[in-house]
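Residue 0 is where the sequence shown starts when you use numbering that gives the first Met the number 0, and the numbers rise one by one after that. Ideal Cβ positions, reconstructed from N, Cα and C, are used throughout, including at glycine. Source: prediction; values computed, not measured.
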Amino acid sequence: MANKFEGLSLEIRGDHNEIAVVRLTRGAKRNALSDGLILAIRDTFQNLPDTVKAAVIDGEGEHFCAGLDLSELKERDAGQGMIHSRLWHSALECVQHGPVPVIAVLHGAVVGGGLELASAAHLRVADESTFYALPEGSRGIFVGGGGSVRIPKLIGASRMLDMMLTGRVYNAQDGERVGFAQYLVPVGQAFDKALELAARIAQNAPLTNYSLMHALPRIAEQSADHGFFTEALMSAIAQSAPEAKERVRAFLEGRAGKVQKS
Ligand code: 1HE
């Protein structure tokens with residue numbers, strides 16, 4: 000099943016239509032994010048078919064994404080600028096807090112708004128061609144797509160400050176070391192790795208995936224006391240699901256796999 004939007008395609012894969020592959024298809028413009036493309040991202044993640052249990056987001060061509068479409072950067076007054084930034088926030092919120100975990104496939108440029116998009120995903124798989132930058136600093140602008148909230152959670156505020164103040168570019172190895180990507184693979188292999196991870200994630204109990212996506216980041220922002228309480232609630236809800244009971248029973252009866260040394 001395939002569906003095509005302007006600058007973006009959606010393909011549903013898997014024996015049970017459980018994996019969504021969302022691809023930016025503006026390779027000629029290095030997948031620069033126009034307002035139309037931001038709206039397409041929002042609508043796509045808001046309307047994933049019910050069968051989908053995990054999603055992959057990829058970019059056509061040599062680069063994942065060159066960020067904001069600078070050709071649309073026109074004179075905006077403060078109010079219009081606020082509305083534009085909030086549009087990005089609502090779209091990337093649909094990626095981060097949509098129905099299913101999202102894996103970003105990184106290669107080439109992951110810059111500006113492209114890095115903000117990647118940061119809204121739950122996992123990032125980079126290949127060795129990847130580089131990360133925040134050119135907003137040198138273009139006289141500021142991040143507006145949620146980067147100031149999400150990027151420090153990956154790499155720390157001081158590293159983000161350095162990137163914006165000095166134009167520092169992280170290569171793929173250093174990017175993985177500081178926390179941009181959880182996986183680093185040879186050039187051209189990131190998509191297959193992401194699909195493999197998506198297939199694995201799609202086998203989890205849906206409530207487990209939901210609680211990891213929605214509870215874990217919120218607990219990280221709570222006080223320890225509130226975090227323990229939220230954890231107890233989430234844990235009780237997850238273990239009460241019939242699917243959890245069946246999975247535990249399967250292990251106790253020798254029907255489920257053991258944890259294997261890697
Ligand atoms: C673009 C954009 C873009 C390329 N908006 N059109 N982002 C940036 O500041 C990054 C700007 N882009 C680049 O630095 C480079 O294009 C790349 C390193 C990503 C790729 O270089 P390269 O040599 O492969 O491609 P190119 O020749 O620079 O670009 C190919 C075409 O894409 C060219 O158009 P053409 O009509 O001349 O063929 C470029 O103009 C076009 N293109 N990037 C518009 N970004 C919510 S706030 C977020 C704020 C930001 O994201 S600011 C950071 C913006």
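> Per DSSP, what kind of secondary structure is Phe63 in: helix, strand or coil?
Replying inline: If DSSP states are grouped into helix, strand and coil, Phe63 belongs with coil.
> Looking only at its own chain, which residues have a Cβ that is under 6 Å from the Cβ of Glu74, when we skip the five neighbours before and after it?
Replying inline: none
> Around the Cβ of Ser118, are there at least 16 other Cβ atoms within 10 angstroms (buried) or fewer (exposed)?
Replying inline: Ser118 is buried by the Cβ-count criterion.
> Between Ala1 and Gly187, what straight-line distance do the alpha-carbon atoms span, to the nearest angstrom?
Replying inline: With a pLDDT of only 45 at Ala1, under 50, the local geometry of the prediction cannot be trusted, and the value read off the model is given with reservation. Near 23 Å, if we compare the C-alpha coordinates of Gly187 and Ala1.
> Mind checking Met159: buried by the 16 CB within 10 Å criterion, or exposed?
Replying inline: buried
> If you run the structure through DSSP and keep just helix, strand and coil, what is Ala223?
Replying inline: helix
> Going by Cα to Cα distance, which pick from Leu114, Glu127, Val148 is closest to Leu133?
Replying inline: Leu114
> Nearest-angstrom Cα distance between His106 and Phe141?
Replying inline: 24 Å
> Are Leu38 and Cys64 close, meaning C-beta to C-beta below 8 Å?
Replying inline: no
> Should Gly66 be counted as a contact of the ligand 1HE given a C-beta to heavy atom distance under 7 Å?
Replying inline: yes
> By DSSP, does Ala1 sit in helix, in strand, or in coil?
Replying inline: Per-residue confidence for Ala1 stands at a pLDDT of 45, beneath the threshold of 50, marking its modelled position as unreliable; no derived number is given.
> How many angstroms separate the CA atom of Leu36 from the CA atom of Pro98?
Replying inline: 20 Å
> Name the DSSP beta bridge partners of Gly97, please?
Replying inline: Gly97 pairs with nothing; no bridge assigned.
> Say the cut is 7 Å; is the CB of Ala31 nearer than that to a heavy atom of the ligand 1HE?
Replying inline: yes
> Which residue from Thr129, Pro205, Gly111, Gly78 puts its Cα closest to that of Glu61?
Replying inline: When only C-alpha atoms are compared, the closest one is Thr129.
> Can you tell which of Gln238, Gly226, Thr229 has the C-alpha that lies nearest to the C-alpha of Thr207?
Replying inline: Gln238
> What beta strand (DSSP E) runs, 3 residues minimum, are completely inside the segment 41-90?
Replying inline: 53-58
> DSSP state of Asn203, grouped into three classes?
Replying inline: coil
> Under the three-state reduction of DSSP, which class applies to Glu127: helix, strand or coil?
Replying inline: DSSP places Glu127 outside both helix and strand once states are collapsed to three, so it counts as coil.
> My guess is that Gly174 and Ala125 are in contact by the Cβ rule of under 8 Å, so how many angstroms apart are they, rounded?
Replying inline: In this structure, Gly174 and Ala125 form a Cβ contact; the two beta carbons are roughly 6 Å apart against a cut-off of 8 Å.
> So, helix, strand or coil for Ile335, using DSSP?
Replying inline: Here the chain covers residues 0 to 261 and nothing more, so residue 335 does not appear.
>> At the level of alpha carbons, what is the spacing between Lys28 and Pro100?
In response: Going by the C-alpha atoms only, they are around 27 Å apart.
> Assuming Ala171 and Leu183 make a contact with CB atoms under 8 Å, what is their CB distance in whole Å?
Replying inline: 6 Å
>> Taking the straight line between their C-alpha atoms, what separation do you get for Pro48 and Ser222?
In response: 36 Å
>> Are the CB atoms of Arg246 and Ala235 within a distance shorter than 8 Å?
In response: no
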